[in-house]
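In what follows, a single structure is set out as structure tokens and then discussed.
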Amino acid sequence: MKAAPFAYVRPGTVADVVAELSQEGSKVIAGGQSLVPVLAMRLGRPAQLIDINAVRDLNGLALDRGALRVGATVRQRRMQREQIAAGVPLVRLALPWVGHREVRSRGTVCGSIAHADPSAELPAVAACLEATMVLTSQRGTRQVSAADFFTGALSTVAEPDELLSDVVFPVAKPGEGFGFGEFARRHGDFALAGVAVRVRTSEGSVDARLTCFGVSDVPVTVDVSQQLRAALEKTGSDPSRPDLQSALAAHTPGVAAVAVNTGGDSHASPGYRRRLISVLAAREVSRAYVSARLSESEERSR
Ligand SMILES: Cc1cc2nc3c(=O)[nH]c(=O)nc-3n(C[C@H](O)[C@H](O)[C@H](O)COP(=O)(O)OP(=O)(O)OC[C@H]3O[C@@H](n4cnc5c(N)ncnc54)[C@H](O)[C@@H]3O)c2cc1C
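The sequence shown begins at 1 in the UniProt record's numbering and counts up one residue at a time.
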């Protein structure tokens, strides 16, 4: 099937993009990796496509007051390759799981977040890190936290005339560690279930945040600090001890029962997804804890 007819514009400034977006039936095209299949299958019939790739101001990747600001046309692959993005390790852990290299060479970070596929990696990373979305329209600019951004499958709080001009990720601080894991039938497929984890340790205190994806309409974030502390009480807090993952596994089925909120589909039942989340969470929370402790001790020895 071919796409239904549409008008195509390629403005050169953000002001022109948002002016075009205020026209009814308009849609942004960034990398086209999700939108083009939607058009080809006629699941969407926009009257006009606004190609944002000629706007130089949207191609920024810069550190700004302890955060990494990622502009709307920054490719996923650029985030994997440029040193500046190493300050946000969770994004770097997740990106190899996003499709294939060819997809990441065209697909944008902002496009993936704006598209809001419930099985996509980057929306979950944004939720786990408490990233900020910057929405720009002719009415001005507003900032929305990731926790409030995703409202359902393929749906967000962005209005039709708003451009996701940047996503702002906090740069990792000393004492923070991260974990990321997912299960898909073949590499490059969307995940049946996955987890993104951030653990913070500081002078004996510990907190842990787990975001699950592929298991609900939106990324689901659960505070698992209590579960991590209970596991550490059993094993001792020495990160070189190998039994933390097994101690955590006693607690993660309860977490999975809360996080998995799907009726199941032809790919996996809810029970199977709960099992996946339980196993992935135990593994990745323990991995994140080990790297948080390492980061804390490196900071102390400086
Ligand atoms: C074979 C294949 C495998 C894939 N596998 C995965 C995978 O495993 N995991 C995964 O997460 N993704 C996967 N993808 C999707 C890929 O990551 C896309 O790149 C991403 O979802 C969309 O980014 P894009 O820049 O291509 O956006 P586009 O396709 O250009 O746009 C997608 C949607 O977002 C809107 N949009 C885009 N940018 C903006 C913006 N700045 N402001 C407002 N709205 C905007 C568009 O209007 C459109 O509705 C796969 C794609 C393919 C083709």
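Backbone N, C-alpha and C fix where the C-beta goes; we use that ideal spot for every residue, glycine too.
Opposing strand residues paired with Ser-205 [DSSP bridges]: BP columns for Ser-205 point to Ser-202.
Indicate, with yes or no, if ligand 1 has a heavy atom lying under 8 Å from the CB of Val-197. no
In angstroms, rounded to a whole number, what distance separates the CA positions of Val-220 and Asp-238? 29 Å
So, with DSSP's three-state summary, where would you put Ala-3? coil
Would you call the stretch 154-166 and the stretch 123-139 touching, i.e. three or more CB-CB distances under 8 Å? yes
Measuring only from the beta carbon, is Ser-22 closer than 8 Å to any heavy atom that is part of ligand 1? no
Residue range of the alpha helix (DSSP H) that Lys-27 falls in? Lys-27 -> not in any alpha helix (DSSP H); beta strand (DSSP E) instead, spanning 26-29.
Close-in-space but distant-in-sequence residues of the same chain around Pro-46 (CB under 7 Å, 5 per side omitted): Phe-6, Gly-25, Ser-26 and Lys-27.
Start and end residues, alpha helix (DSSP H) containing Met-79: 76-81
CB-CB under 8 Å to Glu-20, same chain, minus the five flanking residues each way: which ones, in chain order? Val-9, Pro-11, Ser-26, Gln-48 and Ile-50
Which residues does DSSP list as the beta-bridge partners of Ala-259? According to DSSP, which records beta bridges pairwise, Ala-259 is partnered with nothing at all.
When the Cα of Ala-67 is compared with those of Val-36, Lys-2 and Lys-173, which residue comes out closest? Lys-173
Whose CA, out of His-251, Val-218 and Phe-213, lies closest to the CA of Ala-230? Nearest C-alpha to Ala-230: His-251.
With DSSP collapsed to three states, give me the class of Ser-145. strand
Going by the C-beta, is Ser-93 closer than 8 Å to any heavy atom of ligand 1? According to the sequence as given, residue 93 is Leu; it is not Ser. Flag unset: Cβ of Leu-93 not near ligand 1.
For the beta strand (DSSP E) holding Val-70, just list the boundary residues, first then last. 67-71
Would you kindly work out how many angstroms separate the C-alpha atoms of residue 315 and Ala-116, rounded to a whole number? Examination of residue 315 is not possible in this model, given that the chain is present from 1 through 302 alone.
Can you pull the DSSP bridge partners for Met-133? DSSP lists Val-144 and Val-167 as partners of Met-133.
Please name the residue, chosen from Val-206, Val-260, Ala-147 and Ala-257, that lies closest to Tyr-289 on a Cα-to-Cα basis. Val-206
Who does Cys-212 pair with in a DSSP beta bridge? Val-195 and Val-220
Using only the alpha-carbon positions, how far apart do Val-222 and Met-41 sit? 36 Å
By the DSSP assignment, the alpha helix (DSSP H) with Ile-113 in it spans what residues? 109-115
Quick check: the stretch 104-116 against the stretch 72-80, are there 3 or more CB pairs under 8 Å? yes
Taking 8 Å as the line, does the beta carbon of Ala-257 fall inside it for any heavy atom of ligand 1? no
Could you tell me whether any non-hydrogen atom of ligand 1 is closer than 8 Å to the CB of Phe-190? Answer for Phe-190: yes, Cβ within range of ligand 1.
Where Glu-296 sits in the DSSP three-state scheme: Here Glu-296 sits in helix by DSSP.
Between Gln-80 and the rest of its own chain, which residues show a CB-CB distance below 8 Å, the 5 nearest in sequence each way excluded? Cβ within range, chain order: Arg-92, Leu-95, Pro-96 and Arg-104.
Beta strand (DSSP E) segment containing Leu-244, residue limits: Leu-244 -> not in any beta strand (DSSP E); alpha helix (DSSP H) instead, spanning 244-249.
Of the residues Thr-151, Ala-85, Val-18 and Ala-247, which one's Cα is nearest the Cα of Ile-52? Val-18
Would you kindly check if the distance between the Cβ of Val-88 and the Cβ of Pro-37 is under 9 Å? No, Cβ-Cβ distance for Pro-37 and Val-88 is not below 9 Å.
Nonlocal neighbours in the same chain, by C-beta distance under 6 Å from Phe-190, ignoring five residues either side: Ser-119
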